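Heads up, the thing below is written out as structure tokens.
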Amino acid sequence: MSWNMCGVERWGCTGTGTGDEKAEVVKQYVGSHYVQAVLLQEVCASGLDSVMAKLGPGWSKSFAPYHWSQKGVRTPSPCATGAGSDPNDLVGTAIVVKAGLADAQQYPTTQPWTGLNPPFQCATATYFDVRLCTVHVSTKDANPEHPDWDYRDDQLAEITKVVSGFPKVVFGGDFNASPPDWPGNKDAWIWPAGLYSQGPGTPGYQECDQQGTARTGRPTHNGGWKIDYLFSSEARRWCLVADTERSDHHVVIESVTITPPAVTAG
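The numbers in our numbering rise by one with no breaks, and the one at position 178 of the sequence shown is 195.
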């Protein structure tokens with residue numbers, strides 16, 4: 018499951034509910050759709066604590082904060098900045114896995130010198146032996162000093178290079194970009210070769226909601242855009258896209274068939 022929780026009010030998320038209410042959405046889909054791993058974006062550390070409490074024992078997590086860069090000086094981003102807010106309650110991305118999680122790691126991507134720097138992190142779900150990566154690509158105008166500079170093509174190329182090094186991988190999140198074949202998309206050029214498959218037998222990874230060779234799908238944002246994705250090296254079984262009043266982003270869930278590790282004779 019991938020979901021941008023919209024956990025920071027000042028990021029346009031006023032009125033989408035408390036961290037505890039958002040955590041309840043995660044718990045609901047984990048229970049109703051047998052979710053074994055969750056990739057989260059824009060989650061407050063306190064909200065992640067609520068998620069873990071609701072899921073109960075046996076779940077593991079990895080958290081990586083967003084940073085604000087001011088001419089190269091990076092500061093972790095808090096969830097709230099008003100009077101009485103907790104400066105240690107940071108906003109970040111998270112990987113949450115039922116059973117074990119190992120080798121959590123952040124990978125560098127090209128980021129605005131001034132502007133929000135979202136993290137790109139991966140971790141291994143040890144029971145399934147699958148590498149999981151949660152993605153949040155910068156917005157098109159991420160650098161307020163140079164709003165015409167687009168970082169997305171560099172970030173997507175760098176993400177593709179990282180995930181292509183894993184034998185089994187599931188990666189997804191908020192890509193802040195329309196699919197290459199979305200009608201009227203003038204920014205299709207930002208998608209690198211080897212990321213978005215054009216169908217069976219072609220390079221890249223099949224997307225959760227992709228049908229046939231068309232690289233598109235249902236909207237995942239209240240604005241009517243598809244900007245949230247789940248890609249996998251493993252065979253897709255089914256895909257769910259579900260609206261929720263607890264975020265401006267929809268929940269995306271993909272069921273995949275995990276190839277078991279090879280067993281050698283002892």
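The C-beta atom is built at its ideal place from N, Cα and C for all residues, glycine as well.
Computed from a predicted structure; not experimentally measured.
The DSSP assignment places 54 to 61 as complete runs of the beta strand (DSSP E) inside the stretch 29 to 76, in order along the chain (cut-off: 3 residues).
Taken through DSSP and simplified to helix, strand or coil, T141 comes out as strand. For the 7 Å CB-CB criterion, G229 and K243 do not form a contact. Straight-line measurement puts the Cα of T141 at about 5 Å from the Cα of A119. Within the same chain, and ignoring the five residues on either side of S19 in sequence, the residues whose Cβ sits closer than 7 Å to its Cβ are L56, G189, G190, D245, L247 and V269. In its chain, beyond the 5 residues on either side, no residue has a beta carbon closer than 6 Å to the beta carbon of A100.
Between the alpha carbons of Q223 and T126 lies a gap of roughly 23 Å. Minimum Cα-Cα distance from R253 among the listed residues A259, T261, D260 and V273 corresponds to V273. In the structure shown, L173 adopts helical secondary structure according to DSSP, grouped into three states.
V60 sits away from G89, with the two beta carbons spaced by 7 Å or more.
Secondary-structure assignment with DSSP links L118 through a beta bridge to A142. The beta carbon of G34 sits closer than 6 Å to the beta carbons of R263 from its chain, once the five residues preceding and following it are set aside; these are given in chain order.
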